[in-house]
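Heads up: the structure comes next, in structure tokens.
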Amino acid sequence: EALSKASDLTKKDIEDELEQFTGRQAEEQTKAKLKPLIDNINQAINTGDLDAIESTLEKTQDILQERKGLVIPEPHFLNDYLKVMKETPEGLLTGFKDLDKKIRIPQGAITIIAGRPRHGKSTLMLNMMVRMIEQYPNKAFYFFSYELPWDKIITMFIMSVAKEKINGFGELNFDAYEGYIKNFEKNKGNFPKIDKALKYYDELTRSGRLYIFDKAWNDKELKKFIIQYANKEDTGAIFVDYLQKIPLENAGTQRYIEIKQASEALREAAVTNNIPIIAGAQLKREQNSKGKANKPRLENLRESGDIEQDASLVLGIYNKKAEDIDSQKEKD
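126 is the number that the UniProt record's numbering gives to position 126 of the sequence shown; each next residue is one higher, with no gaps.
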């Protein structure tokens, strides 16, 4: 600004001149570095010293890459590796004893829970989150629902915590829970486990340990939110229910590409923040030669945008009762 006032040049003109001067200076420095190397190469060619030629060419390449802003990074030494390994948190326990004997939920990566419609993906994810909350009392957990509204997710959460059977199983029990909670002031005390679960939910949300969202954020918005707000050391895991439901900012014409784009957004968020993201993925029913549905297999995900390539761990869920009901409906 002082130079601009003292001359007839504008601030932009001065900045352009400085940039050009800096560029010319950098070019001269590069030429000065290259001149002795060129002399060395010519000398090595005359003497037939191939090792010297190779070494000098490598130095020349380094200088040219530096000119373009492409600086070769330092190698990762053993001390660096040991430090990273020491600081990298271990994978999370799921809270399911039999499952924990075989796997851990990896940090900085995507875990996929894959299953067909009505096989219990959402229920499994909620049950897993409930157990993880108990397992890691100093961690916060986020649940993004793209299928059910937030109040339905909370009811399922209360059911998972309380483990109280009011009126049968499945949808009947769900309706009974909501009926009890709708008239909570009147019904309070009739089911102590449910009352305790409601209090527990209140404590978790008020202490910042549990967040449940049902906003239809697109892939870019969800990625941005996770990177900005779930990058604390106290983040336990992110749950997304489910992958194929995530809308895209730039929706294409091929569903395969759209799912791949959503999967990549989650993978980038997980890697950036080094946190585990657990996402549901829906599988189509596939029948064998006898007309019966096959159990889920890893290759089934390839029809869903190569999700398995972005995932570090895939868990398949199979509900035989739900499958039998669907098979009977097809026969009828």
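Glycine residues also receive a C-beta, built at the ideal position from the N, C-alpha and C atoms.
(request) Using three-state DSSP, classify glutamine 254 as helix, strand or coil. (result) Glutamine 254: coil per DSSP, three-state reduction.
(request) Return the chain-ordered list of same chain residues with a C-beta closer than 6 Å to the C-beta of lysine 5, the five sequence neighbours on each side being excluded. (result) Caution is warranted here: a pLDDT of 49 is assigned to lysine 5, below 50, making its placement in the model unreliable, and no coordinate value can be reported.
(request) Rank Gly236, Arg267, Glu74, Ile307 by C-alpha distance to the C-alpha of glutamine 244 and give the top, closest one. (result) From the listed residues Gly236, Arg267, Glu74, Ile307, the smallest Cα separation to glutamine 244 is found for Ile307.
(request) Report the three-state DSSP secondary structure of threonine 235 (helix, strand or coil). (result) DSSP places threonine 235 in strand when its eight states are reduced to three.
(request) Classify phenylalanine 144 as buried or exposed, calling it buried when 16 or more other Cβ atoms lie within 10 Å of its own Cβ. (result) With a 10 Å radius around the Cβ and a threshold of 16 neighbouring Cβ atoms, phenylalanine 144 comes out buried.
(message) Can you find the residues in the same chain that come closer than 8 Å, C-beta to C-beta, to serine 289, ignoring five residues on each side of it along the sequence?
(response) Since pLDDT at serine 289 reaches only 49, below the 50 mark, its modelled position is unreliable, and no value is offered.
(request) Apply the 10 Å Cβ neighbour rule to lysine 321 and answer buried if 16 or more other Cβ atoms are within range, or exposed otherwise. (result) When all chains shown are included, lysine 321 counts as exposed.
(message) On the criterion of 16 or more Cβ atoms from any shown chain inside 10 Å, does arginine 206 qualify as buried, or is it exposed?
(response) Residue burial is scored here from C-beta neighbours: arginine 206 has fewer than 16 other C-beta atoms within 10 angstroms and is therefore classed as exposed.
(message) Ignoring anything shorter than 4 residues, give me the alpha helix (DSSP H) runs that lie fully in the region 92-119, in order along the chain.
(response) Complete alpha helix (DSSP H) runs here, min 4: 97-100.
(request) Drop a sphere of 10 angstroms on the beta-carbon of methionine 85, count the other beta-carbons inside from all chains shown, and report buried for 16 or more, exposed for fewer. (result) Residue burial is scored here from C-beta neighbours: methionine 85 has fewer than 16 other C-beta atoms within 10 angstroms and is therefore classed as exposed.
(request) Check aspartate 241 in the structure and name its three-state DSSP category. (result) It is a strand residue.
(request) Locate the alpha helix (DSSP H) running through phenylalanine 157, then write down its first and last residues. (result) That run of the alpha helix (DSSP H) goes 150-162.
(request) Give a yes or no on whether the C-beta atoms belonging to valine 240 and isoleucine 277 are separated by under 8 Å. (result) The Cβ atoms of valine 240 and isoleucine 277 sit closer than 8 Å to each other.
(request) Starting from the Cα of glutamate 28, find the closest Cα among Asp80, Ile63, Lys59 and give me that residue. (result) Of Asp80, Ile63, Lys59, the smallest CA-CA separation from glutamate 28 is found for Ile63.
(request) Return the bridge partner residues of alanine 270 from the DSSP annotation. (result) Looking at the DSSP assignment, alanine 270 forms no beta bridge with any residue, so it has no partner.
(request) Identify, in the order they occur along the chain, each residue of the same chain with its Cβ nearer than 8 Å to the Cβ of asparagine 173, setting aside the five sequence neighbours on each side. (result) Cβ neighbours of asparagine 173 beyond the five flanking positions: Met159, Lys165, Ile166, Asn167.
(request) Give a yes or no on whether the C-beta atoms belonging to glutamine 107 and glycine 91 are separated by under 8 Å. (result) The Cβ atoms of glutamine 107 and glycine 91 lie closer than 8 Å to each other.
(message) Do phenylalanine 141 and tyrosine 201 have their beta-carbon atoms positioned less than 8 Å apart in this structure?
(response) Taking 8 Å as the Cβ cut-off, tyrosine 201 and phenylalanine 141 do not qualify as a contacting pair.
(request) Can you tell me the Cβ-Cβ gap for isoleucine 275 and isoleucine 212, rounded? I've got them flagged as a contact below 8 Å. (result) Contact between isoleucine 275 and isoleucine 212 is absent: CB atoms are separated by about 17 Å, not below the 8 Å threshold.
(request) Could you pull the start and end residues of the beta strand (DSSP E) that phenylalanine 213 belongs to? (result) From DSSP, the beta strand (DSSP E) with phenylalanine 213 extends over 210-213.
(message) Based on DSSP bridge pairs, tell me the residues matched to serine 145.
(response) Partner(s): Asp241.
(message) By DSSP's criteria, valine 130 is part of a beta bridge. Which residues make up the other side?
(response) Paired residues: none, contrary to the question.
(message) My assumption, with CB atoms under 8 Å, is that lysine 220 sits in contact with glutamate 249. Please give the rounded CB distance.
(response) Correct: roughly 5 Å between the Cβ atoms.
(request) Tell whether a beta-carbon distance below 8 Å holds between alanine 114 and leucine 283. (result) Cβ atoms of alanine 114 and leucine 283: closer than 8 Å.
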